[in-house]
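In terms of UniProt numbering, the sequence shown opens at residue 1 and continues consecutively.
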Amino acid sequence: MKVILHTGAHRCATTSFQEYMRQNAQPLHRQGIGFWGPYRTRGGGLFHGIQPGPVPVTGRDLVQRAQGRLQIQMAASRDAGVQQLLVSEENMLGAVRANLRIGDLYSGAGERMARFAEAFGGAVTDVALSIRSLDAYWASALAYAVARGHKMPTEASLDRLAQAPRSWRDVITDIACAMPGVRLHVLPFETFGTRPEAALQALTGIEAPRTHARVRLNASLCLQDLRASLPSSAAAELPEGTGRWRPFTGAQTAYLREAYADDMMWLAGGADGLAALAQDPDKQAAGTNPPRIALTRGRPDDKQRRMAGSG
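As structure tokens, then:
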């Protein structure tokens, strides 16, 4: 059975993708696709004990118990005819609040993913990571956090986020080092964010259903809604106007976009063999003989030109 860990990231339409998978569970099962989402990994306690944290002293080995739970659940999926099991949980990488508190991008991703690799007992065959332009990612993360009571970012904190040396390339490298031999697929939000069926097809190769594919969940609040949800003192710190909140200056935005462009160029160039950039399944290649676009103006460059004589 192929086991795919879909790690998010946060603010990259992961919740919408999970809802798409839940709504299409029955038709996907008929194609041999199984799905575990946060309802099982968090609500069902499936991942409890994999990561270190405060726990009651009971004398039980929580890591060993988590490994046993996973083995039992995977065996049940295999017996049910599942050929490809997709496990989607964005908290595998870490937490958004930790990113904002530290001012860095999933600094503990390598250690966390190594623990998940051990917990699954070597059954993981593929890992999928959704990434997004860094200026949009941090802006969405800040809007999400502020709406839930996080303090408004200061100029210093915004500059720290903009100047942080860590980018998606570092996250990808950490995951690849933590899980050697596992195929790592990178899905840009700009291509797959609003098309969960295309993301599923790119990961599994099946003809993904298109029903429930345009459900949008957990989107960032626009400025007017964000102001309405905050206390008056915090709302006064937001800029006037409507639309998306853009907390970064022009220079900071340019710096973040340049870092993301470097990441995408690295991925397009092969990512040092560590990861593969997922291709849009709906985008058709031009083929061996691409169509020739007829020129309606100008002169062909290969036509011989007569030079004026001297004298």
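Virtual Cβ for every residue (Gly too), placed ideally from N, Cα, C.
Just so it is clear, the structure is predicted and the values come from calculations on it, not from any experiment.
Cβ neighbours of residue i in the same chain (closer than 7 Å, five flanking residues each side left out)
i, result
"residue 123", "3 and 74"
"residue 69", "46"
"residue 158", "247, 248 and 252"
Of the residues the options, the one placed nearest residue i, counting alpha carbons only
i, options, result
"residue 196", "20, 1, 249 and 274", "20"
"residue 156", "42, 247, 280 and 268", "247"
"residue 241", "152, 222 and 229", "222"
"residue 283", "267, 199 and 220", "199"
"residue 115", "63, 39 and 126", "63"
"residue 14", "279, 208 and 218", "218"
"residue 5", "121, 81, 109 and 128", "128"
"residue 220", "141, 264 and 84", "141"
"residue 36", "61, 60, 82 and 176", "82"
"residue 23", "208, 278 and 236", "208"
"residue 172", "192, 125, 245 and 266", "266"
"residue 281", "263, 150 and 206", "206"
"residue 96", "126, 150 and 76", "150"
Reduced DSSP category for residue i - H, G, I as helix; E, B as strand; rest coil
i, result
"residue 50", "coil"
"residue 206", "coil"
"residue 248", "coil"
"residue 63", "helix"
"residue 76", "helix"
"residue 133", "coil"
"residue 120", "coil"
"residue 148", "coil"
"residue 9", "coil"
"residue 26", "helix"
"residue 319", "Because the chain is modelled from 1 through 311, residue 319 falls outside the range shown and cannot be assessed."
"residue 163", "helix"
"residue 225", "helix"
"residue 335", "This structure cannot settle anything about residue 335, because the visible part of the chain is limited to 1 through 311."
"residue 311", "Residue confidence is low: residue 311 scores 49 on pLDDT, short of 50, so the model does not pin down where it sits. Its coordinate-derived value is still stated next. Of the three classes helix, strand and coil, the one that applies to residue 311 here is coil, per DSSP."
Pairwise C-alpha distance: residue j and residue i
i, j, result
"residue 29", "residue 104", "38 Å"
"residue 238", "residue 230", "10 Å"
"residue 268", "residue 232", "46 Å"
"residue 52", "residue 7", "18 Å"
"residue 147", "residue 44", "27 Å"
"residue 152", "residue 234", "7 Å"
"residue 112", "residue 38", "17 Å"
"residue 194", "residue 49", "33 Å"
"residue 181", "residue 102", "30 Å"
"residue 92", "residue 227", "31 Å"
"residue 98", "residue 166", "14 Å"
"residue 270", "residue 88", "25 Å"
"residue 32", "residue 121", "22 Å"
"residue 18", "residue 204", "15 Å"
"residue 272", "residue 136", "26 Å"
"residue 244", "residue 160", "21 Å"
"residue 225", "residue 168", "30 Å"
"residue 61", "residue 177", "26 Å"
"residue 25", "residue 41", "16 Å"
"residue 279", "residue 170", "21 Å"
"residue 236", "residue 154", "14 Å"
Anticipated Cβ contact below 8 Å, residue i with residue j, distance rounded
i, j, result
"residue 12", "residue 130", "4 Å"
"residue 184", "residue 274", "6 Å"
"residue 9", "residue 90", "6 Å"
"residue 252", "residue 164", "Wrong, their Cβ atoms sit about 11 Å apart, outside the cutoff."
"residue 100", "residue 139", "Contact doesn't hold; Cβ gap of about 12 Å is too wide."
"residue 276", "residue 186", "7 Å"
"residue 119", "residue 66", "5 Å"
Neighbourhood of residue i by C-beta distance below 8 Å, restricted to the same chain and skipping five residues each side
i, result
"residue 133", "189, 190, 256, 257 and 260"
"residue 71", "121"
"residue 202", "185, 187, 192, 278, 279, 280 and 281"
"residue 94", "106, 107, 108, 109 and 112"
Proximal residues to residue i (C-beta, below 6 Å), its chain only, five neighbours per side dropped
i, result
"residue 210", "197"
"residue 216", "16"
"residue 78", "1"
"residue 174", "109 and 110"
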